[in-house]
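**Q** Below is one structure. I have some questions about it.
Protein chains in written order, with my numbering: chain P, 853 to 1319; chain U, 853 to 1319.
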């Protein structure tokens, strides 16, 4: 049976079965012997989903404020993206996938310019595409290592380096490291698990690099009532970062880069202040360490700016900014001094995917045309205000409303209560995400509107009452 | 200017400029400040490319026996794939990309069945999708580590494991390892670089895990004239593998898995014999070590069988088989006993890409309908015979013709001569690949025909004469 695509948003959510419903449960049973299915929440019908509304396999229609773990900027089946599939350019990119590092499409420089370069963070004019957030971060730290060693040597690898690296010994295989933060999340490949420190279930049983981890601030809310405490947090964490860099250097295991998220998302939506990040920029500059900002979850407009670090007011930009999710393709921007001269040091077969870059090119056109960043910024103020009102009403269970525009969150007093709230929200037609120990996070699409925000706040109110 | 898609193959190659030509050079200059371009050979026009023919940005038309580093099974713009883009199912998969681990498409179990499961290697009925070869291998070794530790413990992680892994200490973060082979290639993330041992430029300046590396056979050709020597190679390499496993276990740094390619491709198209691989299967079974076969380059039909390891005649299948490239999506098949019970241990945002799986589903339908595996097998015999004839004619420079069906290669006496030959071939309209020190490799699409093979052999003859 051929389905057609939904083209108009419904007027509101509509839930008629428990979630997961009988269809989802049957599909899960069918998938389980074929492919891991333990983490599946429900199956979705993406032909029927449209805009801000996700339709599941049981025909339940949810207002989606999680958007595939923060990865859809224009929601479901946006008409401008749909139209792209009929073009010979998109067809050939789909049916003739290139090995981008060796035989790129003739229109690739232009697509890069229209897509990634046109929204590059301040101070960046070069980008490297990859496939996902993990490969973005993996290659970002490789770039940092390569730069760090070439600085140390004062030039390209020597014969001795090239020889010794084949037996993985010094000097070609250096014992240098990446500094990351408690509660941070950067992906799940082995090196990324070595810098990811959010949850045991990600890390247990997997060998890791012996790399240092620093404290990340844990603020008290509301911020304006806890200025002194929060500043002290910044101070302690920054001292910890510098101490680790100095200590590691003394023992010949230099920190080549500091890797940090603007908002620790998977870890629980823990924010760092502009003051904290300016401090990191200062310390890394002082010690010749690469400063990598992981904007995989924060990048792409959800924070009311294309990049969350725009709000830090840095004197010198970060050295590398990594992205994926809402950017549709993984990758990283890098500062001019990090450019690698030798071929095949950053390389793999696909190195990205032109179809995703074409979708991003179109999405950015829509975001600019429809003033979607401004929209997110305005709605963010309204939505956070609504959340704070709910917090006043339900102050015995709801805490710490926080956010940058629509990229917002709050805590429940316990993990159990958080899980209950998410369940009630689903039953009432609102899809939000959990993160950290007891947080609820919101990651709506950039096409979210005032009307959606009102439905969401009403549903939250109703659901909070029920727990 | 809107281009239309080419629909018919030309009668033969046609080269009118040097390669890279002026358009490619201009595009490279344009791309260099925006995105790394050092490894770019030439830019291609994928709208004009069709079937076995790749058209570059200067309108040169090449018979392509490299196919984007062995990654296109149906060549360029195959009409059955092109038709797929007009379906609502494909459109919604493109414009509403799911977080597959949590909210898969309602048709995903079926697509998995029609695509990956329908061509599963003997003994496998479960698969895990990923995005590329590196992430396939990264998650395959994670699966091996998780199984190895749970066997050792006799159960799931304990409280102590979960606690200690957060500080990356024993017992939660174990000091266990993967054994790989000299000359092997498994990708370029940090853990993959620790098992990749083909070329210094991939590895230099990047920290690595201290994991063991064993010898891989280096056979003399023709095989039938060097039986004794080659058997001795197998024997020595197998002894080395077992020795390393025993030694590591003694020092508490157990080998959890052996990771090996059927044909070391990037490393120089070095083959292992069925006897060698049967030996590895025996040793890994004896020592309780996971046996992972990396079929990223060999899988998908180019060797005259869907999986190169089909030819080994194993008593017990491998424990894991990884894939990517011609399979269009990365991933791995895993044996039933490796199934992981806990959610979120193997997980990430995208975990694959339904659009690629739908393309693969269609490609497999075409491969079966058009008997393309049989085609590759038959043509392989003919093509290798032709290569051996050329070797007799050019015996002073051309050596060691070898292959499995069309997945074939030969060596030149020097790297310089190899590079010259590849250049002459390009100038004469044939695109082949280099690998290892002085090898030429052929990776044509499965739609390669007798006529293409004849053009290729003629062009090789002409080009060999010129060097």
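We treat Cβ as the ideally placed atom computed from N, Cα and C, and that holds for glycine. In this text, all values refer to a predicted model and were calculated from it rather than measured experimentally.
Step through the CB atoms of chain U and report whether any lies within less than 7 Å of the CB of residue 897(P).
**A** Yes, because at least one Cβ of chain U sits closer than 7 Å to the Cβ of residue 897(P).
**Q** At a CB-CB cut-off below 7 Å, which residues of chain U make contact with residue 1202(P)?
**A** Chain U residues near residue 1202(P): 984.
**Q** Check the C-beta distance from residue 1270(P) over to residue 917(P) and give it rounded, since I have them as a contact under 8 Å.
**A** Incorrect: roughly 15 Å between the Cβ atoms, too far for contact.
**Q** Tell me which same chain residues have a C-beta within less than 7 Å of the C-beta of residue 1081(P), skipping the five on either side of it?
**A** These residues qualify, in order along the chain: 1072.
**Q** Between residue 853(P) and chain U, is there a C-beta pair that is closer than 7 Å?
**A** Because the pLDDT of residue 853(P) is 44, which lies under 50, any placement of that residue in the model is unreliable, and the question is left without a value.
**Q** Roughly how many whole angstroms lie between the Cα atoms of residue 1067(P) and residue 1268(P)?
**A** C-alpha separation (whole angstroms): 26 Å.
**Q** Work out the CA separation of residue 936(U) and residue 853(P) for me, nearest whole Å.
**A** Below a pLDDT of 50, predicted positions are generally treated as unreliable, and residue 853(P), at 44, falls in that range; the measurement from the model is reported next regardless. Spanning the two alpha carbons is a distance of roughly 15 Å.
**Q** Pairs of beta-carbons, one from the region 1178-1185 of chain U and one from the region 914-928 of chain U, closer than 8 Å: are there three or more?
**A** The region 1178-1185 of chain U is in contact with the region 914-928 of chain U.
**Q** Are residue 929(P) and residue 1277(U) closer than 7 Å when you measure CB to CB?
**A** Contact: no.
**Q** What does residue 1251(P) pair with, by DSSP beta-bridge criteria?
**A** Looking at the DSSP assignment, residue 1251(P) forms a beta bridge with 1263(P).
**Q** Using C-beta distances below 6 Å, list every residue in its chain close to residue 902(P), excluding the 5 sequence neighbours before and after it, in chain order.
**A** Closer than 6 Å at Cβ, skipping near neighbours: 858, 861, 928, 929.
**Q** Can you tell me where the alpha helix (DSSP H) holding residue 1228(P) begins and where it ends?
**A** Its alpha helix (DSSP H) spans residues 1224-1245.
**Q** Just to confirm the assignment, what range does the beta strand (DSSP E) spanning residue 1187(P) have?
**A** No beta strand (DSSP E) holds residue 1187(P); DSSP gives it neither H nor E.
**Q** What is the DSSP secondary structure of residue 853(P), counted as helix, strand or coil?
**A** The pLDDT assigned to residue 853(P) is 44, lower than 50, so where the model puts this residue is not dependable, and the model offers no usable value.
**Q** With DSSP as the reference, label residue 793(U) as helix, strand or coil.
**A** This structure cannot speak to residue 793(U), because chain U is shown only from 853 to 1319.
**Q** Short of 9 Å Cβ to Cβ, which residues in the region 1131-1146 of chain P face chain U?
**A** Cβ contacts with chain U: none found.
**Q** What is the DSSP secondary structure of residue 861(U), reduced to helix, strand or coil?
**A** Coil.
**Q** Is residue 1301(U) helix, strand or coil by DSSP?
**A** Coil, per DSSP.
**Q** Give the straight-line distance between the Cα atoms of residue 1124(P) and residue 982(P), rounded to the nearest whole angstrom.
**A** Taking the straight line from one Cα to the other gives about 27 Å.
**Q** Taking CB distances under 7 Å as the criterion, tell me whether residue 1057(P) reaches chain U.
**A** For residue 1057(P), the answer is yes, since a Cβ of chain U falls inside 7 Å of its Cβ.
**Q** Taking 7 Å as the CB-CB limit, is residue 1270(U) close to chain P?
**A** Residue 1270(U) does not count as touching chain P.
**Q** Spatial neighbours of residue 1234(U) within its chain, please: C-beta separation below 8 Å, excluding the five flanking residues on both sides.
**A** 1302, 1305, listed in sequence order.
**Q** I'd like to know whether the C-beta atoms of residue 1108(P) and residue 1215(P) end up nearer to each other than 7 Å.
**A** Result no, Cβ atoms of residue 1108(P) and residue 1215(P) do not sit closer than 7 Å.
**Q** Quick test of your reading: residue 818(U) and residue 1003(U), contact by CB under 8 Å. State the CB separation rounded to the nearest angstrom.
**A** Residue numbering for chain U in the displayed model covers 853 to 1319; residue 818(U) lies beyond these limits and cannot be assessed.
**Q** So the candidates are 1043(U), 998(U), 932(U), 967(U); which of them puts its Cα closest to the Cα of residue 986(P)?
**A** Out of 1043(U), 998(U), 932(U), 967(U), 1043(U) has the C-alpha closest to the C-alpha of residue 986(P).
**Q** Could you name the residues of the region 947-964 of chain U whose beta carbon sits closer than 8 Å to any beta carbon of chain P, in the order they occur along the chain?
**A** So the list reads 947, 948, 949, 950, 951, 953, 954, 955, 956, 957, 958, 960, 961, 964, given in the order they occur along the chain.
**Q** Since residue 1188(P) and residue 1127(P) should fall inside the 8 Å C-beta cutoff, what is the C-beta to C-beta distance between them, to a whole number of angstroms?
**A** Contact flag wrong, Cβ pair sits at about 27 Å.
**Q** Give the DSSP-derived three-state secondary structure of residue 1111(P) in the structure shown.
**A** Correct three-state label for residue 1111(P): strand.
**Q** Strictly under 7 Å for the Cβ-Cβ distance: is residue 1234(P) near chain U by that measure?
**A** Output row for residue 1234(P): interface = no.
**Q** Whose C-beta lies closer than 7 Å to the C-beta of residue 1100(U) among residues of the same chain, with five residues either side of it excluded?
**A** 1029, 1064, 1106, 1107.
**Q** For residue 1261(U) and residue 1254(U), what's the separation of their Cα atoms in angstroms?
**A** Residue 1261(U) and residue 1254(U): Cα-Cα distance of roughly 5 Å.
**Q** So, under 8 Å CB-CB, residue 1382(U) and residue 856(P) are touching, yes? Tell me the CB distance rounded to an integer number of Å.
**A** What is shown of chain U runs 853 to 1319, which leaves residue 1382(U) out entirely.
**Q** For residue 976(U), report the span of its alpha helix (DSSP H) as first-last.
**A** Here residue 976(U) belongs to no alpha helix (DSSP H), and DSSP marks it neither H nor E.
**Q** Could you tell me whether the Cβ of residue 929(U) comes closer than 7 Å to any Cβ of chain P?
**A** By this cut-off, residue 929(U) is an interface position.
**Q** Between the beta-carbon of residue 1031(U) and the beta-carbon of residue 1110(U), is there less than 7 Å?
**A** Taking 7 Å as the Cβ cut-off, residue 1031(U) and residue 1110(U) qualify as a contacting pair.
**Q** Looking only at C-alpha atoms, which of 1314(U), 1283(U), 1244(U), 1213(U) sits nearest to residue 896(U)?
**A** Residue 1283(U) is the option with its Cα nearest to residue 896(U).
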